[in-house]
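Input: a single structure, listed below in structure tokens.
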Amino acid sequence: MPRDARTAIPHSAFRISHWGGAVRVVAVFSGGGAKSLAHAGAWKALTEAGLTPSHLVGTSMGAVIAAACASGATYDEIVIAARSLSQRDVARV
């Protein structure tokens, strides 16, 4: 790990715990509609810091972003997909 995981991303929704001597990172994404797209930026910062979460957890739109991250989608792919959605697209779901 390139940096101390506790300080790599301060004041974030990322929880870091010690389990069996190893550091585990769990990314927790909240709901909030379009505001949840901020989680894509947090994901980008996390990966740029060299931290790989053992689990991704989310609720509502945060779960959609978490699923995209888990599938291997890049920050740019997530943003492009989110920007292509209209209110009508979301209402149909």
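With our numbering applied, the sequence shown corresponds to residues 76 to 168, in that order.
Glycine is no exception: its CB is placed at the ideal position from the N, C-alpha and C atoms.
- Residue pairing by DSSP puts L131 in a beta bridge opposite A102.
- Put simply, the region 153-167 does not touch the region 123-133. Fewer than three CB pairs are less than 8 Å apart.
- The C-beta of G133 has 16 or more other C-beta atoms within 10 Å across all chains shown, which makes the residue buried.
- Distance from the CA atom of G108 to the CA atom of H114, rounded to whole angstroms, is 11 Å.
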